[in-house]
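Contents: one structure, followed by commentary.
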Amino acid sequence: LVRHRTPEWRGRWEKGAATAAAATADQLDALDRGRADHLADARVHAERPSEHGRFGMCGRLDVYRT
1 LVRHRTPEWR GRWEKGAATA AAATADQLDA LDRGRADHLA DARVHAERPS
51 EHGRFGMCGR LDVYRT
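If you read the sequence shown in full-length UniProt numbering, its first letter stands for residue 1, the second for the next number, and so on.
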């Protein structure tokens with residue numbers, strides 16, 4: 001039923017979750033070597049949701065623009 005959509009989903013996964021997991025692995029490797037340079041680039045941001053109470057897969061959620 002959805003086989004034709006798997007290339008699109010794979011692309012999203014590669015650009016999203018897989019990329020984030022690889023970056024996490026790199027950071028853990030750096031910490032293993034006693035390096036924490038990547039933490040100097042850290043930032044904290046506060047955002048207000050652009051939508052409240054939207055329906056999600058597991059209930060209601062607030063939406064944030066990223």
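The beta-carbon is built from N, C-alpha and C at its ideal position, and this holds for glycine as well. The structure displayed is predicted, hence computed values, not measured ones.
In chain order, what residues of the same chain have a beta carbon less than 7 Å from the beta carbon of Ser50, not counting five sequence neighbours either side? Val63, Tyr64, Arg65
Excluding the 5 residues preceding and the 5 following His52 in the sequence, name in chain order all residues of the same chain whose CB lies nearer than 7 Å to its CB. Residues of the same chain with a CB within less than 7 Å of the CB of His52, apart from the 5 flanking positions on each side, are Asp62 in chain order.
Below 7 Å CB to CB, which residues in the same chain sit around Met57 once its five sequence neighbours on both sides are set aside? none
Return the chain-ordered list of same chain residues with a C-beta closer than 8 Å to the C-beta of Cys54, the five sequence neighbours on each side being excluded. According to the sequence provided, residue 54 is Arg. The question's Cys does not apply to it. Only Arg60, Leu61, Asp62, Val63 meet the Cβ criterion.
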